[in-house]
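If you read the sequences in order, they're chains F and X. For the record, in the first sequence the residue sitting at position 60 is 60 according to the UniProt record's numbering, with numbers rising by one throughout. For the record, in the second sequence the residue sitting at position 89 is 89 according to the UniProt record's numbering, with numbers rising by one throughout. Ideal Cβ placement from N, Cα and C applies to all residues, glycine included. See structure below.
2 protein chains.
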Amino acid sequence: MLLAVLEQGPLHGYGIIEALHQRSGGALDLPTGTVYPALRRLERAGWIDGVWSVVGGRKRRTYTLSRAGRRELAARRSEWIRFSGVVGSVLGGTT
Amino acid sequence: MLLAVLEQGPLHGYGIIEALHQRSGGALDLPTGTVYPALRRLERAGWIDGVWSVVGGRKRRTYTLSRAGRRELAARRSEWIRFSGVVGSVLGGTT
DNA sequence: GATACATAGGTAGCGTGCCTACGCATAGCG
DNA sequence: CGCTATGCGTAGGCACGCTACCTATGTATC
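What follows is the structure, encoded as structure tokens:
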């Protein structure tokens with residue numbers, strides 16, 4: 001989901017949390033302790049690139065989806081479709 | 001998913017694994033090390049009841065969905081629908 | 001008779017990752 | 001002067017899926 005948010009353009013951690021909140025219709029309200037470590041992992045994996053900047057006296061780390069991240073996102077998306085289909089078929093009624 | 005399989009009638013661990021395999025169209029092939037501990041957890045939670053029996057010289061533990069398990073299954077099903085909807089809306093293209 | 005596979009149960013330990021609970025810092029408002 | 005929003009981060013606990021094992025019987029194969 002983090003990669004999907006970054007697909008629409010570079011964003012910093014706090015902005016990503018807000019974007020997830022809006023995109024999910026208010027359902028997601030992820031704490032920073034969940035998102036920031038996750039962004040570190042994504043950066044370490046080479047799927048996003050982080051750059052420091054200062055906006056309004058506050059330090060920001062803006063992340064950009066890398067080429068590898070785009071590939072990863074596509075893979076994860078199709079994986080999710082397969083997965084949710086399987087779960088739906090087992091649970092029944094959803095598919 | 002285990003609860004959903006047991007919704008259609010009592011079954012033993014090995015049979016549950018096979019049912020999951022069939023219901024998922026061959027996608028799921030869960031190892032015993034995943035399923036047996038999970039069944040223990042479900043039993044400890046009171047959602048399924050296990051009974052020992054001997055069939056063809058082999059010991060079997062047959063599990064039955066309890067009333068609480070039926071409630072839990074209904075809750076988990078609607079939770080899954082909400083959850084997959086949120087993920088789909090964030091990932092985009094699925095919904 | 002030996003070997004392999006399907007059936008049927010189980011445990012131990014590793015690794016991952018989410019969440020809670022913190023800490024630090026600045027800008028703006030009442 | 002404190003509260004809230006903005007913005008970053010770490011530490012530790014907990015849950016759980018998976019791999020890798022072990023045991024045992026019935027049946028088919030070589």
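Partners in chain F for residue i, counting only beta-carbon separations shorter than 8 angstroms
i, result
"residue 86(X)", "24, 25, 27 and 28"
"residue 90(X)", "1, 4, 5, 20, 23, 24 and 28"
"residue 52(X)", "What residue 52(X) touches in chain F: nothing, since even the nearest Cβ is about 26 angstroms away."
Endpoints, the alpha helix (DSSP H) within which residue i is located
i, result
"residue 80(F)", "67-91"
"residue 8(X)", "Segment: none, residue 8(X) is in no alpha helix (DSSP H) and carries neither H nor E."
"residue 25(F)", "No alpha helix (DSSP H) holds residue 25(F); DSSP gives it neither H nor E."
"residue 42(F)", "32-44"
Near the ligand ADP: residue i beta-carbon under 6 angstroms from a heavy atom
i, result
"residue 14(X)", "Ligands are entirely absent from the displayed structure, and the ligand ADP is therefore not among its contents."
Supposed contact pair residue j and residue i - C-beta distance, whole angstroms, cut 8 angstroms
i, j, result
"residue 75(F)", "residue 92(X)", "Contact doesn't hold; Cβ gap of about 15 angstroms is too wide."
"residue 23(X)", "residue 89(F)", "6 angstroms"
"residue 17(F)", "residue 30(F)", "6 angstroms"
"residue 28(F)", "residue 35(X)", "No, residue 28(F) and residue 35(X) are not in contact; Cβ-Cβ is about 30 angstroms, not under 8 angstroms."
Cα-Cα separation, residue i to residue j
i, j, result
"residue 50(F)", "residue 44(F)", "10 angstroms"
"residue 69(X)", "residue 41(X)", "12 angstroms"
"residue 2(X)", "residue 73(X)", "9 angstroms"
"residue 25(X)", "residue 79(F)", "16 angstroms"
"residue 15(X)", "residue 46(X)", "20 angstroms"
"residue 94(X)", "residue 39(F)", "Any reading at residue 94(X) is ruled out, since the residue's pLDDT is 47, under 50, leaving its predicted position unreliable."
"residue 13(X)", "residue 82(F)", "25 angstroms"
"residue 21(F)", "residue 65(F)", "19 angstroms"
"residue 71(X)", "residue 52(X)", "24 angstroms"
"residue 33(F)", "residue 67(X)", "37 angstroms"
"residue 84(F)", "residue 37(X)", "23 angstroms"
"residue 54(F)", "residue 63(F)", "14 angstroms"
"residue 19(X)", "residue 19(F)", "40 angstroms"
Where the beta strand (DSSP E) through residue i begins and ends
i, result
"residue 50(F)", "48-55"
Within chain X, the residues that residue i reaches when beta carbons sit closer than 7 angstroms
i, result
"residue 47(F)", "Ordered by position in chain X, no residue passes the 7 angstroms Cβ test against residue 47(F), which lies about 15 angstroms from the chain."
Are at least three pairs of beta-carbons, each pair with one atom in the region 59-68 of chain F and one in the region 8-17 of chain X, less than 8 angstroms apart?
-> no
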